[in-house]
Structures are given as structure tokens and as C-alpha cells.
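> Start counting the sequence shown at 0; every next residue gets the next number (numbering that gives the first Met the number 0). Glycine included, each C-beta is placed from N, C-alpha and C at the ideal position. Below is a structure I'd like to ask you about.
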Amino acid sequence: METLTFRDIAKRENVKTCDYVLNTNGIRSLEFGAFFLFVIAAGIYPATQFDPWGWIIVSVVFAMAGIAILIIAQYWRLFAKRAILAYDNANLYVGNDRNHIRSIPWASLDVESAGLKDPKSGADLKMTIDGESVRVRLFTAFVCIPHFDEVLAVILTHIQENAKAQRPSSKRSKS
Numbered sequence: 000m001e002t003l004t005f006r007d008i009a010k011r012e013n014v015k016t017c018d019y020v021l022n023t024n025g026i027r028s029l030e031f032g033a034f035f036l037f038v039i040a041a042g043i044y045p046a047t048q049f050d051p052w053g054w055i056i057v058s059v060v061f062a063m064a065g066i067a068i069l070i071i072a073q074y075w076r077l078f079a080k081r082a083i084l085a086y087d088n089a090n091l092y093v094g095n096d097r098n099h100i101r102s103i104p105w106a107s108l109d110v111e112s113a114g115l116k117d118p119k120s121g122a123d124l125k126m127t128i129d130g131e132s133v134r135v136r137l138f139t140a141f142v143c144i145p146h147f148d149e150v151l152a153v154i155l156t157h158i159q160e161n162a163k164a165q166r167p168s169s170k171r172s173k174s
């Protein structure tokens, strides 16, 4: 498995890139939830007329929860900007950072290494290539690949071609 940058991939011919798209409604929901928690945090302590001091702990907990939700929203914003999924006739390119993109040869993929046998994988493909784990996110509540079904079809087509290429050699060895 080779590591490349986005510039390396852009120089190659016939590479189809699939940028992640942010689900703005999902992110706005997170931000609204964080704002709501901040309002509660700001209102609890004055509403109790600053007595007893124990209420300040509740306010801090609500504020910390709001900060945690904003961190999650920011993570997905950055993920949508930086992550990339691309492919050409020879390789699948997966990267969570445009300066560190893994090149996975199609020939190294089968049903098991592509993570298709894992019933709990959900919208992710948890690939294992040469002992190294590669996570391919197809969609989440906050980001997705437009037309991820096309990407999945390309991956499945290459896996099927690899399986067909391996079958004749096993039949010849039996006879």
C-alpha cells in the first residue's frame, strides 16, 4: 500500500475523485443543540439566585456538553474538507487528510479484506490491506459521498473480477 498526496493523485490520468459533502442540516442540529445547552447553562445559576453553590456544577456540566457537541460538529466540518475517496483502473485512494492518501491496488481486495463480511460495519467499509486497517466512510449523519452507490458498485465490481480471476487457477490445480 502506497501513501500519496492529493497532488500526486491529481497528476494521474482517469482518476475519479469523490469529495465528501457536509450535511448542513445535521451540523446545524448539533450547533442548535449546543446553543440550547449554553442557554440552559447560563440560565440555571442566575435562576437559582446564585444559591446554593452546587448549581454551578450543573451549569458547568451543561456548558461542557455544549462544547463537546461543538467539537463534534467541527470534526465533521474538517473531515468533509480534508477527506477524499478516489479511484482509477488500478487503485482505490482513501485519505482522511489530503497530504496522506493511501493507494490500495484493486488486486488486493476481496470480500473479506474489503470488510464486506462484517455485519456491524454499517455505512463504513473497514478494510484490512496487508495487515493495515483502512476505514472508508461511505456516509454518516453529518457527511456523505454523493452517489456513494456508484463508488460501492465500482468496489464490488473489482472484487468480483478478482474472485473470477482466482477461480480458474484453483480449478486447473484440481485436475
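Whose C-beta lies closer than 8 Å to the C-beta of D178 among residues of the same chain, with five residues either side of it excluded?
The question about residue 178 has no answer, for the chain in this structure spans 0 to 174.
> Under 7 Å between the Cβ atoms of D87 and N13?
As a working note, residue 87 is residue 88 in the sequence shown. As a working note, residue 13 is residue 14 in the sequence shown. Yes, these two residues count as a Cβ contact at 7 Å.
> Kindly confirm or deny that the region 79-93 and the region 150-157 touch, where touching means at least three C-beta pairs closer than 8 Å.
Because the criterion of three Cβ pairs below 8 Å is met, the region 79-93 and the region 150-157 touch.
> Please classify G94 as buried or exposed, where buried requires at least 16 other C-beta atoms within 10 Å of its C-beta.
Position 95 of the sequence shown, counted from the start, is the residue given in the question as residue 94. G94 should be labelled buried.
> For S102 and R6, what's the separation of their Cα atoms in angstroms?
By 1-based counting over the sequence shown, the position of residue 102 is 103. By 1-based counting over the sequence shown, the position of residue 6 is 7. One C-alpha to the other measures close to 13 Å.
> Put M63 into one of helix, strand or coil per three-state DSSP.
Position 64 of the sequence shown holds residue 63. In the structure shown, M63 sits in a helix (DSSP, three-state: H, G or I).
> Might you give, ordered along the chain, the residues of its own chain that have their beta carbon closer than 6 Å to the beta carbon of E30, omitting 5 neighbours on each side?
For the purposes of this step, residue 30 is taken as the residue at position 31 of the sequence shown. A72.
> With 16 as the cutoff for other CB atoms within 10 Å, does A164 come out buried or exposed?
Translated into positions along the sequence shown, residue 164 becomes position 165. Burial call: exposed.
> Taking 8 Å as the cut-off, does the region 21-36 touch the region 98-113 (at least 3 CB pairs, one atom from each stretch)?
Flag = no, the region 98-113 and the region 21-36 do not touch.
> For my contact list, Y44 and I144 are in at a C-beta cut-off of 8 Å; report their separation, rounded to the angstrom.
On the sequence shown, position 45 is the one that residue 44 refers to. On the sequence shown, position 145 is the one that residue 144 refers to. The Cβ separation is near 44 Å, so there is no contact.
> Let me know the secondary structure DSSP gives V14 once reduced to three states.
Here residue 14 refers to the residue found at position 15 of the sequence shown. Three-state DSSP puts V14 in coil, outside helix and strand.
> Can you tell me whether P104 is helix, strand or coil according to DSSP?
On the sequence shown, residue 104 is found 105 positions in, with the first residue counted as 1. Looking at P104 - three-state DSSP - the assignment turns out to be strand.
> Can you tell me whether T16 is buried or exposed? The criterion is at least 16 other CB atoms within 10 Å of its CB, across all chains shown.
What you label residue 16 is simply residue 17 of the sequence shown in a count that begins at 1. So T16 counts as exposed.
> Around the Cβ of I100, are there at least 16 other Cβ atoms within 10 angstroms (buried) or fewer (exposed)?
Working through the sequence shown from its first residue, we reach residue 100 at position 101. That one is buried.
> Near G114, which residues of its chain fall below 6 Å by C-beta distance, leaving aside the five closest residues on each side in sequence?
For the purposes of this step, residue 114 is identified with residue 115 of the sequence shown, where counting begins at 1. Excluding sequence neighbours, G114 sits near S120, L124, K125, M126.
> Straight-line CA distance for W75 to M63?
The residue labelled residue 75 in the question sits at position 76 within the sequence shown. The residue labelled residue 63 in the question sits at position 64 within the sequence shown. Cα to Cα, W75 sits roughly 19 Å from M63.
> Which partner residues of F138 appear in the DSSP bridge assignment?
Reading the sequence shown from its first residue, position 139 is the one you call residue 138. DSSP output for F138 lists C143 as bridge partner(s).
> Any idea if N98 is buried or exposed, counting beta-carbon neighbours within 10 angstroms, 16 or more meaning buried?
As a position in the sequence shown, residue 98 is number 99, starting the count at 1. N98 should be labelled exposed.
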